[in-house]
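Undergrad: Using the numbering used here, read the sequence shown as starting at 22 and increasing by one per residue. Just passing along the structure, written as structure tokens.
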Amino acid sequence: MPDSQPRPPDDRPAGTAGGPEQAALTLCGARLTDGRLVDVRLGAGRIEAVGTAGSLVAPGSRVDLRGHLLLPAPAEPHAHGDTALTADGAGPASQRPEDIRRRATEAALLQLGHGATALRSHIRIGDIQGLTALEAVLQARRSLRGLADLTAVAVPRLLTGVAGAENLAMLRDALKMGADAVGGRPDLDPDPTGYTEAVLEVAAEHGCPVDLHTDGDDPGRLARFAAMAGGLRQEVAMGPCAGLSRLPEDVVARTADRLAEAGVTVVCLPQGGCCGSGLRGTAPVRLLRASGVRVAAGSGALRDPGNPVGRGDPLEAAYLLASQVGLSPGQAYEAVAAEARRAMGLPEVRVEAGFPAELLAVRGETLAGVLSLGYSRVVVHRGRVVARTSAVREYRDHDAPGTGGPFGLPRQGRPDSPGGP
């Protein structure tokens, strides 16, 4: 179970008087990626000022971030809250609303602890289950208010023919209920093109984003999708597209050009696939980026049958993009932060005055270092510290073996304070 339970929902709009994000907070002595040591003052859910360390003196709480690298908080563009944390069960996962709500809440808190202050969860609708899972996840969203922003993508299985007619009506009902985007897996429908057309039509009707699952191993299908999506004003994303990596390079390049022209974002899953995806691996990120395609990175399955060891950690996703795909640490982190936020339609975050106070502080001095060993973290959402993870590393004192007395056990602390917390 998570270390902390969600607080009762606060239904006041963000930024209103008395809201939780009103309290002033100063982050002290943090390091930025350019090497500067700064103080950062937060208020009303935004960054009010950034100054040289020790220069900002203001009333309110202060958090000592010496020894931490301060970054824009990552976001999670591809989660599955309704199926998360089900890998260890002896049989099929419970579909009772209270169990789905508990799983979705716990999964969101785990990912929040890693640093993701905004999450997009793909939720299955239709068939026997109807809208039960969606309703449960929307309840989880309300309980998480003030801790993290959770959005839901309605995912029907079929949308064409007689079998899909009821699901199509239910997709519209899901949006009226509170789903934020429409998605699904056109690859599983007998008419993938018809499925995609139906999703885009519903999105245009309701003015909501589109986020589709596809293995991406059919370049003709992707080209048709890009042609249809190009005329849509809303944000359009697709992933994980691992099948693209198995196609000839020239085919991938032509397909990537079409996706770039249509403004489609590809959401890859470096940590593994998600339930129902038949292919493993990662999309050809470097080829896609070279063609101008925006590439974000998500987590996919979080300890469900699709990936029983999924961690849901954006820093691990960035680490894999750097170590396995060959992106620079900056490019890799951009995929889980700036590009992930853009794919979700969220405002840009920079550690500069005027930007949203969505921040992640990780113990370390460089971006490469925190992607390698970023265990201790402080998470800020809407200008408030909402999660902390503290890791302590200890070793046996090899200079005094067998003494029978207490060992001298060094702690992982600040560079300027070896005995620090």
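The beta-carbon is built from N, C-alpha and C at its ideal position, and this holds for glycine as well.
Among residues of its own chain, excluding the 5 on either side of Leu290, which ones have a beta-carbon nearer than 6 Å to its beta-carbon?
TA: Pro261, Gly319, Gly321
Undergrad: Between Gly294 and Asn328, is the Cβ-Cβ spacing less than 8 Å?
TA: Yes.
Undergrad: Under the three-state reduction of DSSP, which class applies to Arg315: helix, strand or coil?
TA: strand
Undergrad: What does a CB cutoff of less than 7 Å around Glu337 pick up in its chain, not counting 5 residues either side in sequence?
TA: Gln292
Undergrad: Please state whether DSSP places Ile121 in a helix, a strand or coil.
TA: In the three-state DSSP reduction, Ile121 falls in the helix class (H, G or I).
Undergrad: Beta carbon of Ala161: closer than 7 Å to some heavy atom of the ligand FAD?
TA: By its list of ligands, the structure shown contains no ligand whatsoever, and the ligand FAD lies outside what it can speak to.
Undergrad: Measure the Cβ-Cβ separation of Arg141 and Ala100 and say whether it is below 8 Å.
TA: yes
Undergrad: Does chain B have any CB closer than 8 Å to the CB of Glu222?
TA: Looking for chain B here will not work: only one protein chain is present.
Undergrad: How close, in whole Å, do the beta carbons of Leu323 and Ala195 come, if the pair is a contact with beta carbons under 8 Å?
TA: Contact annotation, Leu323 with Ala195: C-beta distance approximately 22 Å; criterion of less than 8 Å not satisfied.
Undergrad: Nearest to Gly385 by CA position, among Ser397, Ala378, Gly64, is which residue?
TA: Comparing Cα-Cα distances from Gly385 to each of Ser397, Ala378, Gly64, the minimum goes to Ser397.
Undergrad: Using three-state DSSP, classify Pro377 as helix, strand or coil.
TA: strand
Undergrad: If contact is defined by three or more beta carbon pairs under 8 Å, each pair taking one atom from either stretch, is the stretch 72-86 in contact with the stretch 106-118?
TA: Of all C-beta pairs linking the stretch 106-118 to the stretch 72-86, fewer than three are shorter than 8 Å, placing the two stretches out of contact.
Undergrad: Is Val288 closer than 8 Å to Pro98 when the C-beta atoms are compared?
TA: yes
Undergrad: Helix, strand or coil for Asp201? Go by DSSP, reduced to three states.
TA: coil
Undergrad: In the DSSP output, which residue or residues are listed as bridge partners for Met259?
TA: Leu233, Val287
Undergrad: Please go through the same chain and pick out, in chain order, the residues whose beta-carbon is closer than 7 Å to the beta-carbon of Arg193, but skip the five residues on each side of it.
TA: Val223
Undergrad: Taking the Cβ atom as the reference point for each residue, do Ala70 and Arg62 lie within a distance shorter than 8 Å?
TA: A contact, by the Cβ cut-off of 8 Å.
Undergrad: Spatial neighbours of Pro377 within its chain, please: C-beta separation below 7 Å, excluding the five flanking residues on both sides.
TA: Within the same chain, Cβ atoms closer than 7 Å to the Cβ of Pro377 are found at Gly66, Arg67, Pro368, Val370, the five residues on either side in sequence being excluded.
Undergrad: Between the Cα of Ala139 and those of Gly241, Tyr416, Leu381, spot the shortest distance and give me the residue it belongs to.
TA: The shortest CA-to-CA distance from Ala139 to any of Gly241, Tyr416, Leu381 is the one to Leu381.
Undergrad: For Val257, count neighbouring C-beta atoms within 10 Å of its own C-beta (all shown protein chains included) and say buried if the count is 16 or more, exposed if not.
TA: buried
Undergrad: Please state whether DSSP places His135 in a helix, a strand or coil.
TA: helix
Undergrad: To the nearest angstrom, report how far apart Gly151 and Leu233 are at their CA atoms.
TA: 19 Å
Undergrad: Below 8 Å on the Cβ atoms is my guess for Thr73 versus Val59; work out the distance and round it to an integer in Å.
TA: Right, their Cβ atoms sit about 6 Å apart.
Undergrad: What residues in its chain sit with their C-beta under 6 Å from that of Leu341, if we drop five residues either side in the sequence?
TA: Pro291
Undergrad: DSSP three-state label for Glu156, please.
TA: helix
Undergrad: So, using beta-carbon positions, are Phe246 and Thr217 closer together than 8 Å?
TA: yes
Undergrad: Taking the alpha helix (DSSP H) that Gly351 falls in, what are its first and last residues?
TA: 350-357
Undergrad: Which of the three DSSP states is assigned to Ala408 in this structure?
TA: strand
Undergrad: Using C-beta distances below 6 Å, list every residue in its chain close to Leu280, excluding the 5 sequence neighbours before and after it, in chain order.
TA: Ala247, Val314
Undergrad: Using C-beta distances below 8 Å, list every residue in its chain close to Leu91, excluding the 5 sequence neighbours before and after it, in chain order.
TA: Leu48, Ala51, Arg52, Leu53, Val59, Val61, Val372, Leu380, Leu381, Ala382
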